[in-house]
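Undergrad: There's a structure below that I have some questions on.
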Amino acid sequence: MDTKRSHTVLYRFFSGLAEYTFEARLGVADPPLVDYIALLLTRFMHCDAIYQVRNPSGRRLEEVAQMLVEADARIGNPRREVHRHIGDFTLFWTGVYPEALRRLKDASRLDYFVDYCEQGKRAYHIAATIETAGNAQENEVLERLSHDFELCAFGLGELRREWERRDPEGGLSGPIIIN
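Quick note on numbering: the sequence shown equals residues 1414 to 1592 in this note's numbering.
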(Lines of atoms letter the chains of each structure in order from A and count residues from 1; the text may use other names and numbers.)
(Lines give C-alpha, C1' and ligand atoms only; values in the text may rest on other atoms or scores of the structure.)
Protein backbone atom coordinates (compact mmCIF):
# COMPACT_ATOMS: atom_id res chain seq x y z
CA MET A 1 0.00 0.00 0.00
CA ASP A 2 1.54 3.31 -0.99
CA THR A 3 2.04 6.09 1.56
CA LYS A 4 -0.60 8.43 0.14
CA ARG A 5 -3.26 5.72 0.08
CA SER A 6 -2.36 4.46 3.56
CA HIS A 7 -2.65 8.02 4.89
CA THR A 8 -6.06 8.35 3.22
CA VAL A 9 -7.26 5.09 4.78
CA LEU A 10 -5.84 6.08 8.18
CA TYR A 11 -7.35 9.53 7.93
CA ARG A 12 -10.80 8.11 7.12
CA PHE A 13 -10.50 5.69 10.04
CA PHE A 14 -9.50 8.42 12.51
CA SER A 15 -11.94 10.92 11.02
CA GLY A 16 -14.84 8.54 11.57
CA LEU A 17 -13.75 7.78 15.13
CA ALA A 18 -13.16 11.46 15.93
CA GLU A 19 -16.51 12.49 14.48
CA TYR A 20 -18.35 9.78 16.40
CA THR A 21 -16.51 10.45 19.67
CA PHE A 22 -16.48 14.24 19.66
CA GLU A 23 -19.79 14.97 17.95
CA ALA A 24 -22.06 12.05 18.85
CA ARG A 25 -20.73 11.10 22.28
CA LEU A 26 -19.36 14.39 23.66
CA GLY A 27 -21.61 16.84 21.80
CA VAL A 28 -18.68 18.83 20.38
CA ALA A 29 -20.05 19.98 17.02
CA ASP A 30 -16.91 21.63 15.67
CA PRO A 31 -15.94 20.09 12.30
CA PRO A 32 -12.63 22.01 11.93
CA LEU A 33 -11.55 20.91 15.42
CA VAL A 34 -12.60 17.30 14.79
CA ASP A 35 -10.76 17.36 11.45
CA TYR A 36 -7.63 18.71 13.17
CA ILE A 37 -7.79 15.84 15.70
CA ALA A 38 -8.11 13.26 12.90
CA LEU A 39 -5.16 14.80 11.03
CA LEU A 40 -3.10 14.86 14.25
CA LEU A 41 -3.71 11.15 14.82
CA THR A 42 -2.92 10.35 11.18
CA ARG A 43 0.34 12.33 11.32
CA PHE A 44 1.40 10.82 14.64
CA MET A 45 1.11 7.25 13.37
CA HIS A 46 4.70 7.86 12.27
CA CYS A 47 7.21 8.15 15.11
CA ASP A 48 9.19 10.65 13.04
CA ALA A 49 6.20 13.02 13.19
CA ILE A 50 5.88 12.67 16.96
CA TYR A 51 9.52 13.65 17.36
CA GLN A 52 9.87 16.00 14.37
CA VAL A 53 11.40 18.95 16.26
CA ARG A 54 15.17 19.06 16.01
CA ASN A 55 17.81 21.36 17.43
CA PRO A 56 20.22 23.29 15.15
CA SER A 57 22.67 20.37 15.10
CA GLY A 58 19.89 18.06 13.88
CA ARG A 59 19.38 16.12 17.11
CA ARG A 60 15.81 14.96 17.68
CA LEU A 61 14.14 16.63 20.67
CA GLU A 62 12.08 14.17 22.71
CA GLU A 63 11.10 16.29 25.71
CA VAL A 64 8.75 19.24 25.97
CA ALA A 65 11.34 21.19 27.97
CA GLN A 66 13.82 20.88 25.09
CA MET A 67 11.16 21.83 22.54
CA LEU A 68 10.26 24.95 24.54
CA VAL A 69 13.88 26.11 24.48
CA GLU A 70 13.99 25.49 20.72
CA ALA A 71 10.70 27.36 20.17
CA ASP A 72 12.02 30.38 22.05
CA ALA A 73 15.10 30.42 19.80
CA ARG A 74 13.00 30.68 16.64
CA ILE A 75 10.97 33.51 15.13
CA GLY A 76 7.97 33.77 12.81
CA ASN A 77 6.49 30.66 11.26
CA PRO A 78 9.22 28.29 12.55
CA ARG A 79 8.39 29.46 16.11
CA ARG A 80 4.68 28.96 15.43
CA GLU A 81 5.27 25.44 14.09
CA VAL A 82 7.31 24.36 17.12
CA HIS A 83 4.66 25.69 19.51
CA ARG A 84 1.92 24.00 17.47
CA HIS A 85 3.91 20.78 17.66
CA ILE A 86 4.32 21.11 21.44
CA GLY A 87 0.54 21.47 21.69
CA ASP A 88 0.02 18.41 19.47
CA PHE A 89 2.66 16.39 21.32
CA THR A 90 1.23 17.10 24.77
CA LEU A 91 -2.37 16.59 23.62
CA PHE A 92 -1.48 13.26 22.01
CA TRP A 93 0.28 11.86 25.07
CA THR A 94 -2.20 13.17 27.66
CA GLY A 95 -5.21 12.08 25.61
CA VAL A 96 -4.30 8.91 23.73
CA TYR A 97 -1.56 7.39 25.90
CA PRO A 98 -1.69 8.93 29.38
CA GLU A 99 -0.09 5.79 30.81
CA ALA A 100 3.11 6.77 28.94
CA LEU A 101 3.38 10.01 30.91
CA ARG A 102 4.98 8.15 33.80
CA ARG A 103 7.92 7.28 31.53
CA LEU A 104 7.95 10.64 29.72
CA LYS A 105 8.00 12.51 33.04
CA ASP A 106 10.41 10.24 34.90
CA ALA A 107 12.49 11.94 37.61
CA SER A 108 15.62 11.49 35.47
CA ARG A 109 14.14 13.53 32.60
CA LEU A 110 13.82 17.28 32.03
CA ASP A 111 10.04 16.90 31.69
CA TYR A 112 9.74 15.75 35.31
CA PHE A 113 8.49 19.20 36.32
CA VAL A 114 6.58 19.97 33.10
CA ASP A 115 2.78 20.11 33.32
CA TYR A 116 1.78 18.71 29.93
CA CYS A 117 -1.75 20.16 30.05
CA GLU A 118 -0.57 23.63 30.99
CA GLN A 119 2.26 23.65 28.45
CA GLY A 120 -0.01 22.28 25.73
CA LYS A 121 -2.59 25.00 26.33
CA ARG A 122 0.14 27.65 26.40
CA ALA A 123 1.81 26.33 23.24
CA TYR A 124 -1.44 26.25 21.26
CA HIS A 125 -2.21 29.80 22.39
CA ILE A 126 1.21 31.09 21.35
CA ALA A 127 0.96 29.31 17.98
CA ALA A 128 -2.49 30.82 17.44
CA THR A 129 -1.19 34.34 18.00
CA ILE A 130 1.61 34.13 15.43
CA GLU A 131 0.16 35.36 12.17
CA THR A 132 1.53 34.02 8.92
CA ALA A 133 0.01 34.05 5.46
CA GLY A 134 -3.10 31.93 5.13
CA ASN A 135 -3.30 30.44 8.62
CA ALA A 136 -6.19 32.45 10.11
CA GLN A 137 -8.62 29.50 10.11
CA GLU A 138 -6.06 27.14 11.65
CA ASN A 139 -5.23 29.80 14.26
CA GLU A 140 -8.88 29.77 15.32
CA VAL A 141 -8.71 26.00 15.78
CA LEU A 142 -5.44 26.29 17.73
CA GLU A 143 -7.03 28.85 20.05
CA ARG A 144 -9.98 26.49 20.64
CA LEU A 145 -7.52 23.67 21.36
CA SER A 146 -5.83 25.93 23.90
CA HIS A 147 -9.11 26.85 25.54
CA ASP A 148 -10.56 23.31 25.49
CA PHE A 149 -7.35 21.30 25.94
CA GLU A 150 -8.68 19.11 28.75
CA LEU A 151 -11.91 18.36 26.87
CA CYS A 152 -9.91 17.42 23.76
CA ALA A 153 -7.58 15.20 25.82
CA PHE A 154 -10.62 13.51 27.36
CA GLY A 155 -12.11 13.11 23.89
CA LEU A 156 -8.91 11.50 22.62
CA GLY A 157 -9.04 9.05 25.52
CA GLU A 158 -12.64 8.21 24.61
CA LEU A 159 -11.60 7.86 20.97
CA ARG A 160 -8.90 5.38 21.97
CA ARG A 161 -11.41 3.39 24.04
CA GLU A 162 -13.76 3.34 21.05
CA TRP A 163 -11.11 2.01 18.67
CA GLU A 164 -10.14 -0.61 21.27
CA ARG A 165 -13.83 -1.51 21.75
CA ARG A 166 -14.26 -1.93 18.01
CA ASP A 167 -11.14 -4.06 17.87
CA PRO A 168 -10.76 -6.00 21.14
CA GLU A 169 -7.99 -8.18 19.65
CA GLY A 170 -5.71 -5.17 19.14
CA GLY A 171 -5.21 -5.72 15.40
CA LEU A 172 -7.56 -2.94 14.26
CA SER A 173 -9.98 -3.47 11.43
CA GLY A 174 -7.41 -2.73 8.77
CA PRO A 175 -3.69 -2.21 8.53
CA ILE A 176 -2.15 0.62 10.53
CA ILE A 177 1.48 0.92 9.61
CA ILE A 178 3.83 2.78 11.92
CA ASN A 179 7.13 3.87 10.43
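Ideal placement from N, C-alpha and C gives every residue a C-beta, glycine not left out.
#1: Counting Cβ pairs, one atom from each stretch, are 3 or more of them under 8 Å apart for the stretch 1511-1527 and the stretch 1541-1556?
#2: Taking the alpha-carbon positions, what's the Pro-1444 to Arg-1557 distance?
#3: Give the single residue among Ile-1539, Asp-1561 and Leu-1564 whose Cα lies nearest to the Cα of Asn-1552.
#4: If you follow the alpha helix (DSSP H) that Met-1480 is in, where does it begin and where does it stop?
#5: Could you check what DSSP says for Arg-1492 in three-state terms: helix, strand or coil?
#6: Given that a residue counts as buried once 16 or more other Cβ atoms are within 10 Å of its Cβ, and exposed if not, what is Ile-1499?
#7: Assuming Leu-1564 and Phe-1505 form a contact by the criterion Cβ under 8 Å, report the distance between their Cβ atoms to the nearest whole angstrom.
#8: Which residues share a DSSP beta bridge with Arg-1473?
#9: Relative to the C-alpha of Phe-1562, which residue among Ala-1484, Ser-1470, Phe-1457 and Gln-1532 is closest?
#10: Between which two residues does the alpha helix (DSSP H) containing Gly-1568 stretch?
#11: Return the CA-CA distance between Val-1509 and Gly-1568, expressed in angstroms with no decimal places.
#12: Could you give the residue range of the alpha helix (DSSP H) that holds Val-1447?
#13: Are Ala-1478 and Asp-1524 touching if we call contact CB-CB under 8 Å?
#14: Please name the residue in Ser-1559, His-1459 and Phe-1426 whose C-alpha comes closest to that of Arg-1579.
#15: If you draw a straight line from the alpha carbon of Leu-1514 to that of Thr-1507, how long is it in whole angstroms?
TA: Here's the rundown:
#1: no
#2: 12 Å
#3: Ile-1539
#4: 1477-1485
#5: helix
#6: buried
#7: With a Cβ gap of about 15 Å, Leu-1564 and Phe-1505 do not count as contacting.
#8: Arg-1467
#9: Gln-1532
#10: 1562-1579
#11: 9 Å
#12: 1444-1456
#13: yes
#14: Phe-1426
#15: 7 Å
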